[in-house]
Amino acid sequence: MVEMYEESAEGIQFIHAVPSGKYHQLLPTVFFYHGFTSSKEIYSHFGYTLAKAGFRVITPDAPMHGARLEPDEGVLLANFWNILQGNVDELASLKDLFVSRGLADPQRLGVGGVSMGGMTAMAALVRFPWVKVTANLMGSGYFSSLSGHLFPAFGGNTGLTREQTDRKITRLLEWDVSEHLNVVGSKPLLVWHGQQDDVVPFDESWRLKQALEQQGLTENLTFLSEAEAKHKVSAKAVWQTTDFFKNHL
0 MVEMYEESAE GIQFIHAVPS GKYHQLLPTV FFYHGFTSSK EIYSHFGYTL
50 AKAGFRVITP DAPMHGARLE PDEGVLLANF WNILQGNVDE LASLKDLFVS
100 RGLADPQRLG VGGVSMGGMT AMAALVRFPW VKVTANLMGS GYFSSLSGHL
150 FPAFGGNTGL TREQTDRKIT RLLEWDVSEH LNVVGSKPLL VWHGQQDDVV
200 PFDESWRLKQ ALEQQGLTEN LTFLSEAEAK HKVSAKAVWQ TTDFFKNHL
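The sequence shown maps to residues 0 to 248 in numbering that gives the first Met the number 0.
Here it is in structure tokens:
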């Protein structure tokens, strides 16, 4: 059995899932992030499944999403990289909150997410030493190259040059996995991606796999793909993600 609560703290709304009767116990904890234009409710099934496996799961709304929804998708698009950076900043606050309450085991903290949430997880893996286990489903940690062609944050209607954009998201660029492969390869990492993804190219995940292979850093990598899957997580992937956290966190 699982208990699920809709809660908020420090202006962040989240769904809090726990094994039944264990709300006040110290538990291994997973912070799980949704994708762009989605919400905490859409991916709450990850919270349910992981809580059923024994984890405390915090599924937050990203900035300008869910309870904080920005209805203009054009505004959302122009702020994609700021939203992603905001996710990472807010994760630090949520982690401190649950650890200080004696609810999250500081030695057993994981981060996961889908698409933009997977990007959040990769940035968190690089930025925070306390992240023990990471699951990236159809996201990427190659922020510098992605900002040039996926949700471009410069040119067009933004009125910004590439140099101006880089200054705006300078911290995010510092967490680009290309500069931190040793960190990425040092802890258990699940990468799942559909080979027919029409939003975040499958090549983003394949590129990371090859980079880790070239450095001899694949010992902690679990790489999974589905030949016919597009930009949607399969039911099989949900169970694989749950098993991954059970085995490593």
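From the three backbone atoms N, C-alpha and C, an ideal C-beta is built for every residue, glycine too.
Once DSSP output is grouped into helix, strand and coil, what is the label at residue i?
i: R67; result: helix
i: N219; result: coil
i: Y4; result: strand
i: R107; result: strand
i: L100; result: The residue asked about is misnamed: residue 100 is Arg in this sequence, not Leu. If DSSP states are grouped into helix, strand and coil, R100 belongs with coil.
i: Q214; result: coil
i: L26; result: strand
i: F35; result: coil
i: S177; result: helix
i: S224; result: strand
i: V250; result: Beyond the ends of the chain as shown, which are 0 and 248, falls residue 250; an answer cannot be given.
i: I41; result: coil
i: D196; result: coil
i: N78; result: coil
i: K229; result: coil
i: G257; result: Summary: the structure shown does not reach residue 257, with the chain confined to residues 0 through 248, and so no result is reported for it.
Using DSSP bridges, identify the partner residues of residue i.
i: L136; result: V113, W191
i: F127; result: Its beta-bridge partners do not exist; DSSP assigns none.
i: A52; result: Per DSSP, none; premise fails for A52.
i: I57; result: H15, F30
Are residue i and residue j closer than 8 Å when you measure CB to CB?
i: L93; j: F31; result: no
i: L96; j: V130; result: no
i: M115; j: G34; result: yes
i: F13; j: I57; result: yes
i: M118; j: V232; result: no
i: Y42; j: M3; result: no
i: V132; j: K208; result: no
Whole-angstrom Cβ separation of residue i and residue j, contact assumed at under 8 Å?
i: L49; j: A103; result: Actually they are not in contact, since the Cβ atoms of L49 and A103 sit about 13 Å apart, beyond 8 Å.
i: A28; j: F54; result: According to the sequence displayed, residue 28 carries Thr and not Ala. Their Cβ separation, rounded to whole angstroms, is 7 Å, which keeps T28 and F54 in contact under 8 Å.
i: L189; j: N135; result: 7 Å
Answer yes or no: does any C-beta atom of chain D fall closer than 8 Å to that of residue i?
i: Q194; result: Structure shown: chain D not included; a single protein chain is present.
Quick one: is the Cβ of residue i within less than 7 Å of any heavy atom of the ligand ZN?
i: L248; result: Absence of the ligand ZN from the depicted structure is noted, as is the absence of any ligand whatsoever, leaving it without description.
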